Structure formats: C-alpha cells, structure tokens
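**Student:** Heads up: the sequence lines are chains A and B, in that order. By this note's numbering, the letter at position 60 of the first sequence is numbered 60, and the numbering carries on one by one without gaps. Just add 1000 to the spot in the second sequence (first one is 1) and you have this note's numbering. Before anything else, here's the structure in question.
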Amino acid sequence: EAGVAQSPRYKIIEKRQSVAFWCNPISGHATLYWYQQILGQGPKLLIQFQNNGVVDDSQLPKDRFSAERLKGVDSTLKIQPAKLEDSAVYLCASSLGTSGRAFRNEQFFGPGTRLTVL
Amino acid sequence: AQRVTQPEKLLSVFKGAPVELKCNYSYSGSPELFWYVQYSRQRLQLLLRHISRESIKGFTADLNKGETSFHLKKPFAQEEDSAMYYCALLNAGGTSYGKLTFGQGTILTVHP
C-alpha cells in the first residue's frame, strides 16, 4: 500500500517569497491534515479537511497561509509571504475518516517538507 | 483546551534496562491517547493506542485517568528503540473530531 506522498522534500526560500507544498494522501482516505513542526516541538495542526471541506483551520495563520483540497484528494498548502518563523517541517497526514471507530482515526504521515526561510 | 505534556526532552538508558517515557494530558472529555514514534530518517508512525490495550514491540501504556497520565513503558530496552516518541491526544468531540494534539516529544537513546 502506497503511503502519504509529499513534495518537495526540502525547500529554501528568502523571507517574503512564496512557497507551496503538495500532498497526496492514501487512496480512499477522506480526512487530510496539515501539521507544522517547529524544531524541538511536536507537530501542531494547521488545517483539517474532510473530503474537500475544511473541518478545522483555527490554528492556520490565514493572513499568509492558505490550503485547498479541491477534488477531495490531493492538497496544497501555500505560504505567501513567508517569514523567518515559518521555518519548520510541514507534515501531511491522512486517515480513513473520523468517527467513533478507533481504526478510522489512525493517521498516516508523509515524510514531510523541510522549509528553511532565510 | 486540551494539552499534552512530555516533561523529558531527552532520556538515556542502557540496553536491557527498563524505560518509562512520561506523558500527562489535560482534557475535559473522555480521552483517547496514542503514542507515535519517529525512527531516524523515517516518517512519524503510530506505535500504540490506549483503546486497544496492546503491546507493540514490547511497549505498553496504561491510561490513568486519576493522574491524567499515559506513560509508555518497556521492561527491557533495545538499541533499536532509540527514536523520538510523541504522546498525542485525540479530540473526540465537536467539529474538530479527529484532531491530534501532540506533546513536545522525548528523544530516547538506548546505549549498548
């Protein structure tokens, strides 16, 4: 079974530039998550999609971050313009869905994109 | 607000020694907790969940609601257990169902 795919794996940009990350979840997974992991911290949820709808984006800095999942499959996360504090690993994860059934809640993570903002 | 605390950033033990990685949580509802592990150069993956009451790779974790803890334990550590370990709490209610809140992680090093 193919896992969650992300690209690029690494990105270096200068502050005020724009950047986009791409995620392809596991086939059939309805729920997709974007996490930000700053060095020395645990992953922090930025946005959660259920199919192509946003479930939770309460921690997404909407003045500079945007995300979409137009067809309910792939997703892109964009930062425009980037700041130094955006340097982090951006993780994408997917799960079958969300419900009271424990197996559906298991999240599978991609390898992440390491962003460095200079 | 839900919160997960892992008080130890680093933990070092020798091979064959017992190991315990601490996790405390704050959550108003009935918690569903997980341990995730990230080995060197690998992606984050689920190690175990409390609801399954399982032992994976010799690790167990018991949910203690009185102490709001979910410590990860292994009686005899192995070198291949060296990794970063994250405790995570699932939001099991409301519109954010499925959201995970992670602790800061503990780097476990098992020396030969």
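We put the CB at the ideal spot given by N, CA and C, even for glycine. Since we're looking at a predicted model, the values are computed, not measured.
Which residue comes first and which comes last in the beta strand (DSSP E) that contains Asp56(A)?
**Tutor:** Per DSSP, Asp56(A) belongs to the beta strand (DSSP E) from 53-56.
**Student:** For the beta strand (DSSP E) that contains Ser95(A), what are its first and last residues?
**Tutor:** Looking at the DSSP string, the run of the beta strand (DSSP E) that includes Ser95(A) is 88-95.
**Student:** List the residues of chain A whose Cβ lies closer than 7 Å to the Cβ of Gly1098(B), in chain order.
**Tutor:** Thr31, Gln48, Ser95, Thr98, Asn105, listed in chain order.
**Student:** Using a 10 Å radius around the Cβ and a threshold of 16 neighbouring Cβ atoms, would you call Asp86(A) buried or exposed?
**Tutor:** Buried: at least 16 other Cβ atoms inside 10 Å.
**Student:** My understanding is that Leu986(B) touches Leu1089(B), with C-beta atoms under 8 Å, so please give their C-beta distance in whole angstroms.
**Tutor:** Residue 986(B) is absent from the model: chain B starts at 1001 and stops at 1112.
**Student:** Which value, in whole angstroms, describes the spacing of the CA atoms of Thr1068(B) and Asn1024(B)?
**Tutor:** The alpha-carbon atoms of Thr1068(B) and Asn1024(B) are separated by roughly 6 Å.
**Student:** Please report the distance separating the alpha-carbon of Gln107(A) from that of Ala30(A).
**Tutor:** One C-alpha to the other measures close to 11 Å.
**Student:** When DSSP builds the beta bridges, which residues end up paired with Ile38(A)?
**Tutor:** Partner(s): none; Ile38(A) has no beta bridge.
**Student:** Interface residues of chain A around Tyr1086(B) at Cβ under 8 Å?
**Tutor:** Within 8 Å Cβ-Cβ: Gly42, Pro43.
**Student:** Within 10 angstroms of the Cβ of Gly1016(B), are there 16 or more other Cβ atoms? Answer buried if so, exposed if not.
**Tutor:** So Gly1016(B) ends up on the exposed side.
**Student:** Does the stretch 33-45 of chain A come close enough to the stretch 87-96 of chain A to have 3 or more Cβ pairs within less than 8 Å?
**Tutor:** Touching, per the Cβ criterion.
**Student:** Where Gly53(A) and Val73(A) are concerned, what is the direct C-alpha to C-alpha distance, given to the nearest angstrom?
**Tutor:** If I take the Cα positions, the gap works out to 11 Å.
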